[in-house]
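Chemist: Protein chains in written order, with the working numbering: chain V, 14 to 402; chain G, 14 to 402.
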């Protein structure tokens with residue numbers, strides 16, 4: 014049995030094990046990133062033409078591409094529908110970008126922390142992921158400049174708005190500085206924006222892709238966080254020099270994205286119905302965010318530091334006494350509490366102990382207090398044991 | 014701009030150009046492999062639970078996996094639902110198998126001719142594709158044995174039932190001999206079966222995967238040819254030693270397959286409604302196959318040889334006077350006729366001139382005669398020009 018060399022990097026995933034275990038109904042799960050079931054809109058399929066069952070184009074449905082391009086232009090990204098590629102979820106943008114850029118040993122720049130499924134995909138193909146630490150308003154600019162001066166990365170992968178896992182939203186100033194650096198060094202930007210619309214306290218900052226004057230870019234989004242993940246409809250928009258390659262890679266991967274999901278997405282994007290739905294979603298999640306904040310203050314205030322996330326789906330906690338949070342998973346699960354340890358969100362997990370990601374969108378409010386209380390006990394016990402050792 | 018090394022193998026595709034040009038309504042197209050629009054069933058979405066909009070499992074919907082496993086067992090493949098991975102179309106099986114097995118220079122065995130999108134995917138990752146010639150009843154067994162003796166291929170990729178492009182269905186004897194060889198050499202089988210149910214003259218032969226005693230295997234299918242391609246629902250079933258790897262690769266590619274399409278597929282598979290639909294489909298395509306056979310006999314009988322396909326969607330013609338059929342594309346298109354040249358279906362196109370693939374499922378019957386007549390003229394003119402040169 015001779016597998017490819019890359020399969021040696023296809024590790025078994027702690028995350029998958031946690032998510033699988035978290036599905037037991039008795040578990041209070043802060044682990045996943047699932048939308049609340051209550052906020053999944055009912056679907057109307059009346060009027061979908063039978064022709065949506067036929068093979069479609071690899072690029073995606075023309076009307077959907079137009080809607081997505083118009084939305085991006087409204088965010089300041091100068092683009093045409095011809096630059097839009099509809100995807101089977103925005104995870105696919107990572108697969109295609111990886112195929113386009115990464116050979117074994119290729120260097121790429123990521124945030125520290127960053128989206129772990131991106132890390133896994135880049136590393137599967139042999140990328141060397143170089144981290145730039147993330148602060149409350151964006152990446153450390155000096156560190157980013159140093160990385161760009163000392164390396165020749167294939168791309169910089171950023172999640173500037175309500176990042177998973179940290180919840181960080183880059184400031185206007187940080188966005189401008191990052192764009193200027195990418196232009197200066199001529200390095201491609203992969204900008205991942207699944208959480209842009211999940212904003213709870215107002216304010217808004219335009220994408221970095223729209224600020225670039227020279228560098229190539231891929232901007233990617235999805236309807237999974239705002240409409241329905243089960244449709245598997247995401248998209249990328251790329252600078253014209255990249256588009257044709259990404260299109261061919263999409264075709265080789267799965268020919269095209271499912272048309273029934275695309276048709277359904279078209280019934281929502283840009284409509285008054287969708288605006289209303291987004292408003293309700295923000296209100297619903299804001300309440301859950303606030304309830305989580307209250308529970309955390311009550312039970313974890315002396316154990317951890319955090320910023321209140323202004324959007325997205327996660328709290329990111331930093332323990333005052335760092336401890337490898339992967340060692341807490343089993344004890345928490347024994348108490349029917351699931352959370353996501355922070356270490357796997359870093360390119361170098363062992364060098365970054367002591368963070369936790371807690372999802373606030375999915376857990377039922379009446380179980381929230383109890384879950385956070387139990388988690389606090391687990392942390393206290395582990396830290397006491399560590400101190401005693 | 015530094016792309017990956019594999020992108021140098023991402024060629025512009027003659028096939029894509031032909032298919033794009035063939036979409037002009039005035040074109041009589043024998044080029045694609047599209048189901049007939051008239052045979053796309055109307056869909057009923059009533060009863061789909063809202064929860065189908067939520068994230069699903071990477072493996073696929075449990076009930077669908079059970080249905081697909083039961084169908085495979087009925088074909089003689091001993092398997093459980095736990096070995097079924099639902100895919101975003103069966104093209105994705107090629108992407109995942111490629112990631113699992115192929116590094117630059119990895120040898121794989123394919124039929125000559127074979128499915129060209131498989132060739133493209135394997136070659137994109139750097140595979141050396143070794144051909145085994147295909148006869149009327151299956152591959153040349155001595156040639157396959159010689160390949161296995163002289164090389165150590167990562168896998169053998171076969172389309173044993175109504176192959177695209179050749180229409181060949183392996184005999185029972187050929188299947189048994191191929192299975193014995195794969196077991197003898199311990200080489201993995203990738204068995205691609207999108208056309209199994211499109212059978213017009215009776216007879217049936219069980220998959221090769223079910224005949225293996227030792228070798229690893231991946232069996233892949235789809236609902237695209239029998240139900241609706243636009244759903245993008247395919248699947249693979251794998252021997253247990255391969256399944257976990259393929260599952261993780263699927264997760265890295267697009268998390269999971271769209272659930273609305275999976276739910277729709279579940280409404281059909283194994284039902285009386287589906288059996289009826291398949292019966293109507295076979296009748297419809299049988300008529301179109303027979304009409305094409307008649308037109309070919311009338312206009313191309315002196316120019317080419319072929320076997321009448323007993324299933325699938327294609328006639329495969331071999332010109333009596335070989336000529337590179339890629340050189341006929343422009344002249345045919347000028348006559349508003351599209352066809353698929355045969356050369357790109359071979360790992361070594363230039364060594365295999367003189368075949369054409371003609372689809373019979375999509376062209377409207379009243380345009381069939383005229384299209385074939387025009388194609389015959391184009392071939393005659395090119396051969397006359399060649400003889401005069």
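We put the CB at the ideal spot given by N, CA and C, even for glycine.
As the structure is a prediction and not an experimental result, all values here were calculated from the model.
Determine the direct distance from the alpha carbon of residue 349 of chain G to that of residue 379 of chain G, and round the result to whole angstroms.
Modeler: Straight-line Cα distance between these residues: approximately 15 angstroms.
Chemist: Any beta carbon from chain G within less than 8 angstroms of residue 252 of chain V's own beta carbon?
Modeler: By this cut-off, residue 252 of chain V is not an interface position.
Chemist: Given this structure, state the Cα-to-Cα distance separating residue 149 of chain V from residue 117 of chain V, to the nearest angstrom.
Modeler: Roughly 33 angstroms separates the two Cα atoms.
Chemist: Enumerate in chain order the residues of its own chain whose CB-to-CB distance from residue 61 of chain V is below 6 angstroms, with the five nearest sequence positions on each side excluded.
Modeler: So the list reads 276, once near-sequence residues are dropped.
Chemist: Run down chain G in chain order and give the residues with a C-beta less than 7 angstroms from the C-beta of residue 291 of chain V.
Modeler: Near residue 291 of chain V there are no residues of chain G at all, since even the closest Cβ is about 16 angstroms away, more than 7 angstroms.
Chemist: Does chain G have any CB closer than 8 angstroms to the CB of residue 281 of chain V?
Modeler: Chain G, which has no Cβ nearer than 8 angstroms to the Cβ of residue 281 of chain V, makes this no.
Chemist: Please state the DSSP three-state secondary structure of residue 65 of chain V.
Modeler: Residue state, collapsed to three classes: helix.
Chemist: Within its chain, find whatever has a CB closer than 7 angstroms to the CB of residue 59 of chain G; leave out the 5 residues flanking it on each side and keep chain order.
Modeler: Contacts found: none.
Chemist: Are the region 339-354 of chain V and the region 374-393 of chain V in contact at 8 angstroms, needing three or more beta carbon pairs?
Modeler: Because the criterion of three Cβ pairs below 8 angstroms is met, the region 339-354 of chain V and the region 374-393 of chain V touch.
Chemist: Does residue 328 of chain V come out as helix, strand or coil in the three-state DSSP assignment?
Modeler: Correct three-state label for residue 328 of chain V: strand.
Chemist: Could you tell me whether the Cβ of residue 16 of chain G comes closer than 8 angstroms to any Cβ of chain V?
Modeler: Chain V, which has a Cβ nearer than 8 angstroms to the Cβ of residue 16 of chain G, makes this yes.
Chemist: So the candidates are G/158, G/248, G/105 and G/334; which of them puts its Cα closest to the Cα of residue 264 of chain V?
Modeler: The shortest C-alpha separation from residue 264 of chain V is found at G/105.
Chemist: Would you please verify whether the beta carbon of residue 230 of chain G is less than 8 angstroms from any beta carbon of chain V?
Modeler: With 8 angstroms as the cut-off, residue 230 of chain G does not count as an interface residue toward chain V.
Chemist: DSSP has residue 145 of chain G in a bridge; who is on the other side?
Modeler: Answer is G/124.
Chemist: Kindly list, in the order they appear in chain V, the residues whose Cβ is closer than 7 angstroms to that of residue 50 of chain G.
Modeler: Going along chain V in sequence order, the residues near residue 50 of chain G (Cβ under 7 angstroms) are 64 and 67.
Chemist: Compute the beta-carbon to beta-carbon distance between residue 72 of chain V and residue 98 of chain V, rounded to the nearest angstrom, for a pair I have assumed lies under 8 angstroms.
Modeler: 6 angstroms between Cβ atoms; contact.
Chemist: Is residue 287 of chain G close to chain V? Criterion is C-beta to C-beta, closer than 8 angstroms.
Modeler: Cβ-Cβ to chain V under 8 angstroms: no for residue 287 of chain G.
Chemist: By Cβ distance, which residues of its chain are closer than 8 angstroms to residue 199 of chain V, with the 5 residues on each side in sequence left out?
Modeler: Closer than 8 angstroms at the Cβ level, and outside the excluded window around residue 199 of chain V, lie 227 and 228.
Chemist: For the region 88-121 of chain V, list the alpha helix (DSSP H) runs that are entirely contained and at least 4 residues long, ordered along the chain.
Modeler: Runs found: 104-114.
Chemist: Which two residues bound the contiguous beta strand (DSSP E) that contains residue 210 of chain V?
Modeler: Element bounds for residue 210 of chain V: n/a, residue is neither H nor E.
Chemist: Please list, in chain order, all residues of the same chain as residue 19 of chain V whose beta carbon is under 7 angstroms from its beta carbon, the five residues on each side excluded.
Modeler: If we look at residue 19 of chain V and ignore the five residues flanking it on each side, its Cβ neighbours are 137, 138 and 139.
Chemist: Looking at residue 108 of chain G and residue 266 of chain V, is the spacing between their C-beta atoms short of 8 angstroms?
Modeler: Taking 8 angstroms as the Cβ cut-off, residue 266 of chain V and residue 108 of chain G qualify as a contacting pair.
Chemist: Suppose the cutoff is 7 angstroms on Cβ atoms and the five residues either side in sequence are ignored; what does the same chain contact list for residue 291 of chain V look like?
Modeler: So the qualifying residues of the chain are 210 and 239.
Chemist: Go through its chain and collect everything with a Cβ distance to residue 153 of chain V's Cβ below 7 angstroms, but skip five positions before and after it.
Modeler: Excluding sequence neighbours, residue 153 of chain V sits near 145 and 146.
Chemist: Going along chain G in order, which residues have a C-beta closer than 9 angstroms to the C-beta of residue 270 of chain V?
Modeler: Ordered by position in chain G, the residues that pass the 9 angstroms Cβ test against residue 270 of chain V are 101, 245 and 271.
Chemist: Do the CB positions of residue 374 of chain V and residue 32 of chain V come within less than 8 angstroms of each other?
Modeler: Cβ atoms of residue 374 of chain V and residue 32 of chain V: not closer than 8 angstroms.
Chemist: Would you kindly check if the distance between the Cβ of residue 332 of chain V and the Cβ of residue 367 of chain V is under 8 angstroms?
Modeler: Taking 8 angstroms as the Cβ cut-off, residue 367 of chain V and residue 332 of chain V qualify as a contacting pair.
Chemist: Of all the beta strand (DSSP E) runs that stay within the bounds of the region 208-290 of chain V, which reach a length of 3 or more residues?
Modeler: DSSP runs (the beta strand (DSSP E)) wholly in the region 208-290 of chain V: 230-235 and 247-251.
Chemist: Relative to chain G, which residues along the region 211-243 of chain V have a C-beta separation below 9 angstroms, given in chain order?
Modeler: Hits within the stretch, in order: 229, 237, 240, 241, 242 and 243.
Chemist: Taking just the CA atoms, how far does residue 168 of chain G sit from residue 259 of chain G?
Modeler: When rounded, the distance between both Cα atoms is 15 angstroms.
Chemist: Are residue 102 of chain G and residue 21 of chain G closer than 8 angstroms when you measure CB to CB?
Modeler: It is not a contact, given that the beta carbons lie outside the stated cut-off.
Chemist: Ends of the alpha helix (DSSP H) at residue 157 of chain G?
Modeler: Element bounds for residue 157 of chain G: 154-163.
Chemist: Does any residue of chain V have a CB that is nearer than 8 angstroms to the CB of residue 174 of chain G?
Modeler: No, residue 174 of chain G does not count as interfacial toward chain V.
Chemist: CA-CA distance, residue 52 of chain G and residue 38 of chain V?
Modeler: Spanning the two alpha carbons is a distance of roughly 43 angstroms.
Chemist: Between the Cα of residue 64 of chain G and those of V/213, V/243, V/279 and V/202, spot the shortest distance and give me the residue it belongs to.
Modeler: Ranking the options by Cα distance to residue 64 of chain G, first place goes to V/243.
Chemist: Rounded to whole angstroms, what's the CA-CA distance from residue 187 of chain V to residue 121 of chain V? Just pull it up for me.
Modeler: Those two C-alpha atoms are separated by around 20 angstroms.
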